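Peer 1: Residue 710 is where the sequence shown starts when you use my numbering, and the numbers rise one by one after that.
Have a look at the structure that comes next, please.
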Amino acid sequence: MKIIKVNNYDELSEKAAEIIAEAVKKNPSTTLGLATGSSPLGTYNKLIDMCKFGKVDFSKVHTVNLDEYVGLEPTHDQSYRYFMNTNLFDHINIDKNNTFVPSGIAPDMEAECKRYDGVIEKNSPISVQLLGIGENGHIGFNEPADYFPEGTHVVDLTDSTIEANKRFFGSKDEVPKKAITMGLGSIMKAETALLIACGKQKVHAIDMLVNGKVDPKCPASILQNHKNAIIIVDNDAAAKI
Ligand code: F6R
710 MKIIKVNNYD
720 ELSEKAAEII
730 AEAVKKNPST
740 TLGLATGSSP
750 LGTYNKLIDM
760 CKFGKVDFSK
770 VHTVNLDEYV
780 GLEPTHDQSY
790 RYFMNTNLFD
800 HINIDKNNTF
810 VPSGIAPDME
820 AECKRYDGVI
830 EKNSPISVQL
840 LGIGENGHIG
850 FNEPADYFPE
860 GTHVVDLTDS
870 TIEANKRFFG
880 SKDEVPKKAI
890 TMGLGSIMKA
900 ETALLIACGK
910 QKVHAIDMLV
920 NGKVDPKCPA
930 SILQNHKNAI
940 IIVDNDAAAK
950 I
C-alpha cells in the first residue's frame, strides 16, 4: 500500500483527481469505479473543473458505482444515482448511458446482484476504483463481517453506518436499513484502489486499515493485499499511522 499524507481536504481532492484524470488520459475509454458520500465531493469538483478547462475528456469513459440504498428510487435526492448525477455526471461530458449504479428498487434484488456483477464484468477492467472508508472500516457497503464477500450483494447496514449517514437524511429513522454493494472481489480486481479519508472521525478506521491484520471485521484491511492500493489521508485521519 502506498500512503500519501496531505495537509488538507483540498490537497487530498487534488491528488485523487490527478490520479483519476491520468487514468482517463492513458485510456480515454477506461472504466472508473466511483464512490459517493462526503469524501469524494472535492475530487469530483476538481474533475469537473479539469473537464471544463479541456484537461480531461470523459466522452468515452464508462463508470461503475460501488453501491446504492435499497428502497430508494433513482430520483430520490439521497439515492446514490441522484448523487452521481448532481455531483458529477451532469457537469462533465460523459454519456450517462455509460454510467452504472446498482438498482435499489429492483423487484428481485438477488437477480439485481447477478445483473450488476455482469455489468462490472462487461466494463472490466476498472482502472481506478475510488473508495471512501466508513468509521467501522467498511468500503463500498461491505460492512464488518466474518468473511470477505466476493460479488455484489445486499447488506444490512450496521447501526454505526446508519448513525454516520443520518446527517444526509431528516432523521435516523429515514436512513434505509439495507444497501446493495459491489463485493470486495470486484474491488480487489481494480488496477488501482484509491482510498481517500479525511478528518478525526476516520482515525480508527485508518489505523485498522494500515496497522491492523487483514480481517473481515475491518473490510478495508483487505487492501493490504491489493497490488496497487493508494491511500490518501489528511493529517487528522493519519493521526495513528
Ligand atoms: C459510498 C461508500 C461508502 C463511503 C463511506 C464514507 O459510496 O461506498 O463506503 O465511502 O461510508 O463516507 P463519507 O465519505 O461520507 O465519510
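Positions of the beta carbon are idealized from the N, C-alpha and C atoms, including for glycine.
Remember, predicted model here, so these are calculated numbers, not experimental data.
Nearest CA to the CA of M897: which residue from E727, L918, Q933, A946?
Peer 2: Q933
Peer 1: Among Y718, A929, V912, which one has its Cα closest to the Cα of P858?
Peer 2: Distances from the CA of P858 to each of Y718, A929, V912 were compared; the closest alpha carbon is that of A929.
Peer 1: Have a look at P834, E872, I889 and flag the residue whose alpha-carbon is nearest the alpha-carbon of E883.
Peer 2: E872
Peer 1: Does the beta-carbon of A902, which I'm using as the reference point, lie nearer than 8 Å to any heavy atom of the ligand F6R?
Peer 2: No, Cβ of A902 sits at least 8 Å from all heavy atoms of the ligand F6R.
Peer 1: Can you say whether F809 is buried or exposed, counting buried as having 16 or more other CB atoms within 10 angstroms of its CB?
Peer 2: buried
Peer 1: L775 lies in the alpha helix (DSSP H); which residues open and close that run?
Peer 2: No alpha helix (DSSP H) contains L775, which DSSP labels as neither H nor E.
Peer 1: Does the segment 725 to 736 touch the segment 748 to 762, meaning 3 or more C-beta pairs lie closer than 8 Å?
Peer 2: yes
Peer 1: Going by DSSP, what residue range makes up the alpha helix (DSSP H) through L893?
Peer 2: 893 to 898
Peer 1: K992 to Q787, Cα distance in whole Å?
Peer 2: Limits of the chain in this structure are 710 at one end and 950 at the other, which puts residue 992 out of reach.
Peer 1: For G843, is the beta carbon positioned less than 8 Å from some heavy atom of the ligand F6R?
Peer 2: yes
Peer 1: Would you grab the beta carbon distance between I915 and A947 for me? Rounded to a whole angstrom, and I think it's under 8 Å.
Peer 2: 7 Å
Peer 1: Determine, using beta carbons only, whether M891 and V773 come nearer to each other than 9 Å.
Peer 2: yes
Peer 1: If I follow the unbroken beta strand (DSSP E) through D865, where does it start and stop?
Peer 2: 862 to 865
Peer 1: Quick check on D758: does DSSP put it in helix, strand or coil?
Peer 2: helix
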